[in-house]
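Participant: Supplied in structure tokens, the structure appears directly below.
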Amino acid sequence: MNIAYFKDTDSLYIELSPEDPAHAWEAHEGVVLNMSADNRVVGIEIEQASLKANLNMLRIGNFPGEVHTVEGAAH
Numbered sequence: 018m019n020i021a022y023f024k025d026t027d028s029l030y031i032e033l034s035p036e037d038p039a040h041a042w043e044a045h046e047g048v049v050l051n052m053s054a055d056n057r058v059v060g061i062e063i064e065q066a067s068l069k070a071n072l073n074m075l076r077i078g079n080f081p082g083e084v085h086t087v088e089g090a091a092h
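Using my numbering, the first residue of the sequence shown is number 18, and each one after it goes up by one.
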């Protein structure tokens, strides 16, 4: 799973699976679910992310896998 913020477009992308989406569905204004061919959510795209989420902090709790931080990548 990857989470990336794109400052130039103020968008946040949460990649749940590395596979390419087959289609997308706008679940709410500015929130798009990218779906696989068999209708699994493979990504979540959030437009105008700074208005919809607190981008100043990311907390991860009880995550079963490794957590890697990429310093300065989203600035």
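Just so it is clear, CB atoms sit at the ideal spot from N, CA and C, and this is done for glycine as well. Bear in mind that the values here come from a model prediction, so they are computed numbers and not experimental data.
#1: DSSP three-state label for ALA21, please.
#2: Is it the case that the Cβ atoms of LEU33 and VAL59 are separated by a distance below 7 angstroms?
#3: If I measure Cβ to Cβ from TRP42 and keep anything under 8 angstroms in the same chain, skipping five residues before and after, which residues do I get?
#4: When the Cα atoms are used, what is the spatial distance from PRO81 to ASP25?
#5: Who pairs with ALA41 in a beta bridge, going by DSSP?
Facilitator: This is what the structure gives:
#1: Stepping through the sequence shown from its first residue, residue 21 is reached at position 4. Three-state result, ALA21: strand.
#2: Reading the sequence shown from its first residue, position 16 is the one you call residue 33. Reading the sequence shown from its first residue, position 42 is the one you call residue 59. The answer is yes: Cβ separation under 7 angstroms.
#3: Here residue 42 corresponds to residue number 25 of the sequence shown, with the count starting at 1. Exclusion of the five residues before and after TRP42 leaves VAL49, LEU50, MET52 as the residues of its chain whose Cβ lies within less than 8 angstroms of its Cβ.
#4: If you number the sequence shown from 1, residue 81 lands on position 64. If you number the sequence shown from 1, residue 25 lands on position 8. Rounded to the nearest angstrom, the two C-alpha atoms are 32 angstroms apart.
#5: As a position in the sequence shown, residue 41 is number 24, starting the count at 1. In DSSP, ALA41 forms a bridge with ASN51.
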